[in-house]
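K.L.:
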Amino acid sequence: MSDTRRSFLHSTAALAAGVSGAATLMAQAPGRPTAGQAPATPPRPASEIQVPKMKFGKYEISRLICGCNPFYGFGHFNQTLGAVMQEYFTPARVREVLHQCNRFGIDTFNYYAGGRGLPDFESFLAEGGRMQLVAQGMGDQAAVVKTLKPMAIYHHGENTDRAFQNGQMETVKEWCKTVRGMGVMAGVGTHKPEVIQLVEEQGWDIDFYAGCVYNRTRTPEEWKKVLNGELVEMQGECYLQSDPARMYKVMRATAKPCFAFKILAAGRVANVDQAFRTAYESIKPTDGVFIGLFPRVKDEVRENAERVHRILVERV
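The numbering of the sequence shown is the numbering used here, which starts it at 8 and goes up by one.
1) Please work out which residues of its chain come closer than 6 Å, Cβ to Cβ, to Val179, disregarding the five sequence neighbours upstream and downstream, and give them in chain order.
2) What residue ranges within the region 149-195 form continuous beta strand (DSSP E) runs of no fewer than 3 residues, ordered along the chain?
3) Less than 8 Å between the C-beta atoms of Ile72 and Phe215, yes or no?
4) Decide if Gln107 is buried, meaning its Cβ has at least 16 other Cβ atoms within 10 Å, or exposed.
5) Is there contact between the region 98-105 and the region 241-257, where contact requires at least three CB pairs shorter than 8 Å?
6) Going by other Cβ atoms of all chains shown within 10 Å of its Cβ, with 16 needed for buried, is Thr115 buried or exposed?
7) At which residue ranges does the region 57-118 contain complete alpha helix (DSSP H) runs of 4 or more residues, listed in the order of the chain?
8) Can you tell me where the alpha helix (DSSP H) holding Ala272 begins and where it ends?
9) Could you tell me how far apart the beta carbons of Cys183 and Gly218 are, in whole angstroms, since I believe they sit closer than 8 Å?
10) In or out: Arg7 buried (at least 16 other Cβ within 10 Å) or exposed?
11) With distances taken Cα to Cα, identify the nearest neighbour of Gln281 among Glu67, Ile318 and Glu307.
12) Assuming contact is defined by CB atoms lying nearer than 8 Å, are Pro200 and Val276 in contact in what I supplied?
13) Rounding to the nearest angstrom, what Cα-Cα distance links Tyr255 and Leu125 in this structure?
14) Report all residues from its chain with a CB closer than 8 Å to the CB of Asn109; omit the five preceding and five following residues, and keep chain order.
15) Is it buried or exposed for Asn311, if we count other Cβ within 10 angstroms and need 16 for buried?
16) Counting Cβ pairs, one atom from each stretch, are 3 or more of them under 8 Å apart for the region 83-95 and the region 148-156?
17) Go ahead and pull the three-state DSSP assignment for Gln209.
18) Return the CA-CA distance between Arg70 and Tyr221, expressed in angstroms with no decimal places.
19) Considering Cα atoms alone, identify which of Pro157, Gln143 and Phe283 is closest to Tyr66.
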């Protein structure tokens, strides 16, 4: 990393820390509120904001599942955000987020086996943490099953989509059979509603789906078609506002459990409350949501648990 870039990242982090720290000090400052300001309401205890559960095979799991992408810099926004995430998420902070999830009843983790994934998770367990695992199907699945005994593993979405585009879905089907043979639930991950439709039409013997609600793996030709031929060259990832409704529709149409992910378009959605409400009102009661957490400035675990509790329990 160049000195200039390192300086920029450190400046950005320092600015965020300063803003966050100032807000915290203001919130904790003693004395009476200023004129016209209502007294601060103490936060509700975590025991009152537990995320509701869903049946998943023989298990019962939280309907909000902790995602793993921010932990390892997979921001899906730009290189700067990815670098800031990597700098922020030390092993200790990964464990801290997972423990905070436990306090709010989030008991399931979308586990990633690469990089620091295994040592970070084993350290969390050593500290008394508990998470049920829906693992991303990357790397040596047999090793993941032997070491961590996950509930389920799904064929990674980008790999599935490439197989679909190349007419090689039979390889995905065989992969699912192999995983099933290891004694864990097998699923198909994808960014494409048509992949789920195909698997359903062919009656695959699988247990669940993990679907990105934004179809970010279109080919250049597909992008050109969906954008009415206006696409000349695209830099980075593109998220269409019309995409989520398509994925939610196929999720509702299948009896199998589904996990929706990237409901916030990797941080691009402005109205977070509405995105959560749309997700849970659009999927089945037997479906859940993977959500990435990056509590650099605020307690996103608490905020998201409160949102899900409002939508599913308080019904407001």
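For every residue, glycine included, the Cβ atom is placed at its ideal position computed from N, Cα and C. Here the structure is a predicted model, which means the values were calculated and not measured.
P.N.:
Let me spell this out:
1) Locating residue 179 in the sequence shown gives position 172, where the first residue counts as 1. Excluding sequence neighbours, Val179 sits near His162, Thr167 and Ala170.
2) Qualifying beta strand (DSSP E) stretches, in chain order: 159-162.
3) Taking the first residue of the sequence shown as position 1, residue 72 is located at position 65. Taking the first residue of the sequence shown as position 1, residue 215 is located at position 208. By the CB criterion at 8 Å, Ile72 and Phe215 fall outside the cutoff.
4) Taking the first residue of the sequence shown as position 1, residue 107 is located at position 100. Around the CB of Gln107, 16 or more other CB atoms lie within 10 Å, so the residue is classed as buried.
5) Verdict: no, contact absent.
6) Position 108 of the sequence shown, counted from the first residue, corresponds to residue 115. Flag for Thr115 reads buried.
7) Within the region 57-118, the complete alpha helix (DSSP H) runs of at least 4 residues are 86-95 and 98-110.
8) If you number the sequence shown from 1, residue 272 lands on position 265. Note, Ala272: premise wrong, no alpha helix (DSSP H); not H, not E.
9) Working through the sequence shown from its first residue, we reach residue 183 at position 176. Working through the sequence shown from its first residue, we reach residue 218 at position 211. A Cβ-Cβ distance of about 15 Å is found for the pair Cys183 and Gly218, leaving them out of contact under the 8 Å criterion.
10) Because the chain here runs from 8 to 323, residue 7 falls outside it and cannot be looked at.
11) The count along the sequence shown starts at 1 and reaches residue 281 at position 274. For Gln281, the nearest C-alpha among the options comes from Ile318.
12) The residue labelled residue 200 in the question sits at position 193 within the sequence shown. The residue labelled residue 276 in the question sits at position 269 within the sequence shown. The answer is no: Cβ separation not under 8 Å.
13) As a first step, residue 255 is located in the sequence shown; it is residue number 248 there, counting from the start. As a first step, residue 125 is located in the sequence shown; it is residue number 118 there, counting from the start. Cα-Cα distance, rounded: 32 Å.
14) Counted from its first residue, the sequence shown places residue 109 at position 102. Excluding the 5 residues flanking it on each side, Asn109 has same chain C-beta neighbours closer than 8 Å at Gly136, Arg137 and Met138, in chain order.
15) The residue labelled residue 311 in the question sits at position 304 within the sequence shown. It is buried - the Cβ of Asn311 has at least 16 other Cβ atoms within 10 Å.
16) The region 83-95 is not in contact with the region 148-156.
17) Here the question's residue 209 lines up with position 202 in the sequence shown. If DSSP states are grouped into helix, strand and coil, Gln209 belongs with the helices.
18) Stepping through the sequence shown from its first residue, residue 70 is reached at position 63. Stepping through the sequence shown from its first residue, residue 221 is reached at position 214. About 20 Å.
19) Within the sequence shown, the letter at position 59 stands for residue 66. When Pro157, Gln143 and Phe283 are compared, the shortest CA-CA separation from Tyr66 is found for Pro157.
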